[in-house]
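Trainee:
2 protein chains.
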Amino acid sequence: MVRERISRRQRLIEVGADLFCDQSYEEVAIDDIASSAGISKGLLYYYFPTKHDFYIAIVEYAAAQLLAATEADATLEPMERLRTSLEAYYAYVERHAKAYVSLLRGGVGVDEQVAAIIDMVRQTYIQGILQSFAQETQASALSAIAVRGWVGFVEATSIAWLEQRSISRQALCDLAMTAFTLVVPHDQS
Amino acid sequence: MVRERISRRQRLIEVGADLFCDQSYEEVAIDDIASSAGISKGLLYYYFPTKHDFYIAIVEYAAAQLLAATEADATLEPMERLRTSLEAYYAYVERHAKAYVSLLRGGVGVDEQVAAIIDMVRQTYIQGILQSFAQETQASALSAIAVRGWVGFVEATSIAWLEQRSISRQALCDLAMTAFTLVVPHDQS
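Protein sequences appear in the order of chains A and B. With full-length UniProt numbering, you'll find the first sequence wraps up at 189, consecutive numbering, no jumps. With full-length UniProt numbering, you'll find the second sequence wraps up at 189, consecutive numbering, no jumps.
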């Protein structure tokens with residue numbers, strides 16, 4: 001019984017994720033979600049009392065999905081691991097372009113709760129990078145700020161790239177890797 | 001008559017800017033604004049029908065103030081001009097730390113309209129930098145994205161710095177100048 005409830009909730013989130021991926025928060029109607037999932041509006045409200053509750057659950061799901069998609073093989077060399085994660089990151093945001101830009105630019109529906117989820121993802125990346133490059137960064141305050149800045153760089157260039165598509169994904173990835181070597185000093189071999 | 005209305009509106013914005021600078025959007029009460037400005041609540045509503053209208057006017061005012069504060073002498077060398085602007089930027093955000101972090105992190109009150117104002121400021125900086133370094137960047141798509149990323153780097157490091165104060169403003173400025181070598185290679189001396 002409990003398992004069934006969990007899986008139906010999960011299925012609703014997946015249906016919702018598809019809808020919010022192609023449409024803005026305002027455009028998505030509760031009626032559409034219920035009919036796409038083949039359930040009544042009442043049942044949808046049983047799982048998610050408000051549209052915003054539903055949205056938060058979807059953003060949490062997307063955050064977990066993004067982190068899983070960008071987790072690189074821990075046996076790789078730090079630099080190679082970073083590049084692998086970065087390539088996966090750009091591939092993910094390209095597949096979810098509309099939702100990514102709207103979330104990161106702070107559109108409708110983006111409130112403190114959503115900002116906290118976005119920040120959790122950032123912190124996960126920052127801690128992972130600092131751990132991966134522990135020898136080079138020596139846990140210095142400057143490195144921690146530089147890595148935070150680099151994540152901001154990756155987000156800002158992702159948005160610009162998704163909006164304009166003026167350079168290739170490969171060129172974007174190379175640019176971010178160059179930026180990383182500038183702000184996080186390390187062995188260039 | 002018209003002039004008096006404009007100056008009273010302006011005075012209300014200045015009073016509001018002080019209040020929103022130290023308190024979050026949710027904490028600021030319309031009653032406080034009216035009493036700080038020495039006017040009735042009714043008159044305040046005459047100028048700004050909702051708290052959000054008032055907030056938008058204040059964010060617009062702050063954006064104009066920031067742009068004015070960071071406008072460097074056009075006769076300076078491009079790199080010197082960038083550093084001068086950057087130093088003024090950090091000094092400004094340090095003076096308005098709470099409001100800056102809350103605006104950029106997408107807290108309460110930050111909606112499409114606020115996001116559009118933040119984006120206008122960003123675009124002004126990006127265009128100014130691309131113009132200033134026109135010779136080096138050759139109006140390339142890659143440069144435009146790199147500059148957008150650099151602005152994201154500056155914003156992200158500003159937030160981290162204001163939250164942790166773990167490095168000096170000077171070290172922060174040096175870090176951002178180093179990151180800028182991604183856009184335009186320059187002597188680090």
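Cβ atoms here follow ideal geometry from the backbone N, Cα and C, with glycine treated the same way. The structure displayed is predicted, hence computed values, not measured ones.
(1) In the DSSP assignment, find the alpha helix (DSSP H) that holds Glu155/B and state where it starts and stops.
(2) Kindly indicate which three-state DSSP category Ser35/B falls into: helix, strand or coil?
(3) Nearest CA to the CA of Ser132/B: which residue from Asp119/B, Pro78/B, Ser140/B, Phe180/B?
(4) At a Cβ cut of 8 Å, what residues of the region 124-158 of chain B count as close to chain A, listed as they run along the chain?
(5) Cβ of residue 200/B within 7 Å of Cβ of Thr124/B?
(6) If you run the structure through DSSP and keep just helix, strand and coil, what is Cys173/B?
(7) Should Ala69/B and Leu162/B be called a contact, given that it needs their Cβ atoms to be closer than 7 Å?
(8) Give the secondary structure of Gln123/A by DSSP, where H, G and I count as helix, E and B as strand, and everything else as coil.
(9) At a Cβ cut of 8 Å, what residues of the region 165-183 of chain A count as close to chain B, listed as they run along the chain?
(10) In chain order, what residues of the same chain lie with their CB nearer than 7 Å to the CB of His186/B, ignoring the 5 residues before and after it?
(11) Can you list, in chain order, the residues of its chain whose CB lies under 6 Å from that of Val154/A, leaving out five sequence neighbours each side?
(12) Give the secondary structure of Asp18/A by DSSP, where H, G and I count as helix, E and B as strand, and everything else as coil.
(13) List, in chain order, every chain A residue whose beta-carbon is nearer than 8 Å to that of Arg105/B.
(14) Since Ala160/B meets chain A, which of its residues come closer than 8 Å, beta carbon to beta carbon?
(15) Decide if Tyr55/B is buried, meaning its Cβ has at least 16 other Cβ atoms within 10 Å, or exposed.
(16) Taking Cβ to Cβ, would you say Ile159/A is nearer than 7 Å to Leu142/B?
(17) Should Tyr90/A be labelled buried (16 or more other beta-carbon atoms within 10 Å of its own) or exposed?
(18) Relative to the C-alpha of Cys173/B, which residue among Ser140/B, Arg148/B, Ser40/B, Thr157/B is closest?
(19) Is it buried or exposed, Gly149/A, if we count other Cβ atoms within 10 angstroms and call 16 or more buried?
(20) Name the residue from Arg9/A, Thr84/A, Leu104/A whose alpha carbon lies nearest to the alpha carbon of Ala57/A.
(21) Between Leu104/B, Gln170/B, His52/B, which has its C-alpha nearest Val28/B's C-alpha?
(22) Hey, how far is the Cα of Ile126/B from the Cα of Arg11/A?
Mentor: This is what the structure gives:
(1) Looking at the DSSP string, the run of the alpha helix (DSSP H) that includes Glu155/B is 141-164.
(2) Looking at Ser35/B - three-state DSSP - the assignment turns out to be helix.
(3) For the residues Asp119/B, Pro78/B, Ser140/B, Phe180/B, the minimum Cα distance to Ser132/B belongs to Pro78/B.
(4) The residues in question are Ala141, Leu142, Ala144, Ile145, Ala146, Arg148, Gly149, Trp150, Val151, Gly152, Phe153, Val154, Glu155, Ala156, Thr157.
(5) Only positions 1 to 189 of chain B appear in the structure, and residue 200/B is not among them; the question remains open.
(6) DSSP, read as helix, strand or coil, puts Cys173/B in helix.
(7) No, the pair does not count as a contact, with Cβ atoms beyond the cut-off.
(8) Helix, per DSSP.
(9) Residues of the region 165-183 of chain A with a Cβ closer than 8 Å to any Cβ of chain B, in chain order: Ser166, Ile167, Ala171, Leu172, Leu175, Ala176, Thr178, Ala179, Leu182, Val183.
(10) Hits under 7 Å: Met79.
(11) Same-chain partners within the cutoff: Ala176.
(12) In this structure, Asp18/A counts as helix in the three-state DSSP scheme.
(13) Ala115, Asp119, listed in chain order.
(14) Going along chain A in sequence order, the residues near Ala160/B (Cβ under 8 Å) are Ala144, Ile145, Arg148, Gly149.
(15) Buried.
(16) No; because the gap between Cβ atoms is not below 7 Å, this pair is not in contact.
(17) Buried: at least 16 other Cβ atoms inside 10 Å.
(18) For the residues Ser140/B, Arg148/B, Ser40/B, Thr157/B, the minimum Cα distance to Cys173/B belongs to Thr157/B.
(19) Label assigned to Gly149/A: buried.
(20) With distances taken between Cα atoms, Ala57/A lies closest to Arg9/A.
(21) That would be His52/B, whose Cα lies nearest to the Cα of Val28/B.
(22) The C-alpha of Ile126/B lies about 43 Å from the C-alpha of Arg11/A.
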